[in-house]
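If you count by the UniProt record's numbering, then the sequence shown holds residues 1 to 497, one letter each, in order. Using N, Cα and C, we set each Cβ at its ideal position, and we do this for glycine too. Inspection log for the structure reproduced underneath, given as structure tokens.
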Amino acid sequence: MTTQLQDIQPSIPPARPQPLTVSLRKAEPKRLSLSLLIALVVGSMIGSGIFSLPQNMAASAGAGAILIGWVITGVGMLSLALVYQTLSNRQPALDNGVFAYARTLGGEFLGFNSAWGYWISAWIGNVSYLVILFAALSYFFPLFGEGNNKAAIAGASVVLWSLHWMILRGMRTAARANALTTVAKVVPLLLFIGLVIAAFQRETFMVDFWGTPALGSTFDQVKSTMLVTVWVFIGIEGANVFSARAAERANVGRATVIGFVITLLLLIAVSLLSLGILRQPELAALKNPSMAGVLQAAAGPWGAVLISIGLIISVGGALLAWTLLAAESVFTPAREKVMPVSLGEENTRGAPANALWLTNGCIQLFLLLTLYSSASYLALISLATSMILLPYLFSGLYALKMTWQGETYAGHRAMQIRDMAIALVATLYCVWLLYAAGPKYLLLSALLYAPGSLIYLGTLRARQGQPLSGPETGLLIIIWAAAAYAGWMLWSGTLTL
């Protein structure tokens, strides 16, 4: 649901659900193939973050620390990808994993909160994509400014509702469009990698390999790189969110791993090869999207134009992918009556119409708010991005629980131990990411989780369901206590956005 693009655009996250079997879907017989699922995974992970990666990584680390950071991130995120693959294959009745795994792990209220946090992260991330898209277009059309003036918001609104009507024509149609944009965004990245390899200088790469004293210890440098790399991998769960729409269940896990490997190789190549073109201080000083400065140094002035075009295509594709993910993340819980049932309705083409209207309505409202509150907008982007770490942690914990109890592993002890080890690595990695993000945004995220709990309680009352259990009541109290404390700290000025 993505990294930060600083100078020409606001920071972004992204960027971006459940247990019982859902029978899906009467209106759309053709489901998503392996290639379309891979495109959803790659398309949701590769947005604008990769175009700022050279500067973002070099701003706080040398080549050696960046290498270590990629090794740790690669192992951690690969373990998370394998967790999603294992859960998809061994728990085929659980559709839309971000919601489903949390629900099976700790009950409906935990599942609701996982889906709620994921949804908020997804649609606020889309606001940033629209702003960034028009900030990039301002390279060619200056009237759009930094992407958040009146002209840009008007243009963003047109793009938003055009995508809305495309998705209403059917999820498969939208997924095919996403596949085309994914291919289109990878082409300039491959061209960049090829040109930079040709101009790569080993001597430049080795200068201050472990960083300068101003960057701090190697540990601090590695930690700072991981705070960047986590954002560019948001979307790794994309195929699992669409598991109910897959043509074959096994393709969900395959798409997750294949999409992860493709994205990892692209990210590592862009960040490391750039250090062979410009030295760390030079990269750190580049204006974002910093890939433009690197390619200009390697191949000439036309490089900036190519990267600007690639950024526009990439962000447009990511916007489509995350619009699909955002709508689907509330659609499936609504089908299970964990969210308002109206959000689980489809149109005649099998698209989650009401979920889409709600999601894009929130995006439109927030786009208008960016005209008047740029600072709080930037802060909420970071806050919303951090919210996705909890759904990741719930998935890792559920996999750990399933493998520990031996569920579905009868007679396969060696496989059980292997999968348990992978789940443990993924869980520890998610805990590390929460630590690296810091308590500030975890505390502030309660301000967004608290209103969601009111929606859940209303849904529970409407269906005359069971009251909250003891642990669920405890979770509700913790959320509201944290929200009240965060609100008081904001009011007193001891905590700032």
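{"Item": "Look up ALA246 in the DSSP assignment and give the residues it is bridged to.", "Value": "LEU32"}
{"Item": "Where PRO333 and PHE140 are concerned, what is the direct C-alpha to C-alpha distance, given to the nearest angstrom?", "Value": "42 Å"}
{"Item": "Assess contact between the segment 79 to 88 and the segment 291 to 305, defined as three or more Cβ pairs (one per stretch) separated by less than 8 Å. Is contact present?", "Value": "no"}
{"Item": "Assuming contact is defined by CB atoms lying nearer than 8 Å, are ASN251 and LEU37 in contact in what I supplied?", "Value": "yes"}
{"Item": "Could you check which residue in LEU78, LEU163 and LEU82 has the C-alpha nearest to that of MET351?", "Value": "Per the sequence shown, residue 351 should be read as Ala rather than Met. Of LEU78, LEU163 and LEU82, the residue nearest in Cα terms is LEU163."}
{"Item": "Sorted by chain position, which residues of the same chain lie with C-beta nearer than 8 Å to ALA436's C-beta, five sequence neighbours on each side aside?", "Value": "LYS223, MET226, LEU227 and VAL230"}
{"Item": "Does the distance from the C-beta atom of LEU447 to that of ALA486 stay below 8 Å?", "Value": "yes"}
{"Item": "Helix, strand or coil: how does DSSP classify ASP220 here?", "Value": "helix"}
{"Item": "In chain order, what residues of the same chain lie with their CB nearer than 6 Å to the CB of ASN148, ignoring the 5 residues before and after it?", "Value": "VAL131 and THR370"}
{"Item": "Does TRP123 pass the burial test, meaning 16 or more other C-beta atoms within 10 Å, or should it be called exposed?", "Value": "buried"}
{"Item": "Count the CB pairs spanning the segment 33 to 50 and the segment 294 to 302 that are closer than 8 Å, and state whether there are at least three.", "Value": "no"}
{"Item": "Using C-beta distances below 7 Å, list every residue in its chain close to ASN347, excluding the 5 sequence neighbours before and after it, in chain order.", "Value": "LEU168 and ALA353"}
{"Item": "For ASP419, which of helix, strand or coil comes out of DSSP?", "Value": "helix"}
{"Item": "In terms of alpha-carbon separation, which member of THR181, PHE219 and LEU365 lies closest to ALA154?", "Value": "LEU365"}
{"Item": "At what residue ranges does the segment 183 to 222 contain a whole run of the beta strand (DSSP E), taking only runs of 3 or more?", "Value": "none"}
{"Item": "From which residue to which residue does the alpha helix (DSSP H) around ASN149 run?", "Value": "Per DSSP, ASN149 belongs to no alpha helix (DSSP H) and is neither H nor E."}
{"Item": "Quick one: Cα of PRO213 to Cα of LEU53, how far?", "Value": "22 Å"}
{"Item": "Compute the distance between the beta-carbons of LEU343 and PHE109, then report whether it is under 8 Å.", "Value": "no"}
{"Item": "Going by Cα to Cα distance, which pick from ILE478, PRO439 and LEU433 is closest to SER453?", "Value": "ILE478"}
{"Item": "Between GLN322 and VAL241, what straight-line distance do the alpha-carbon atoms span, to the nearest angstrom?", "Value": "Looking at the sequence provided, one finds Trp at residue 322 rather than Gln. Looking at the two C-alpha atoms, the distance is approximately 11 Å."}
{"Item": "Determine, using beta-carbon pairs with one atom in the segment 244 to 260 and one in the segment 62 to 69, whether at least three such pairs fall under 8 Å.", "Value": "no"}
{"Item": "Would you grab the beta carbon distance between LEU424 and LEU400 for me? Rounded to a whole angstrom, and I think it's under 8 Å.", "Value": "6 Å"}
{"Item": "Exposed or buried, what is PRO451 when buried is set at 16 or more other beta-carbons lying within 10 Å of its beta-carbon?", "Value": "exposed"}
{"Item": "Sorted by chain position, which residues of the same chain lie with C-beta nearer than 7 Å to ASP419's C-beta, five sequence neighbours on each side aside?", "Value": "THR86 and THR403"}
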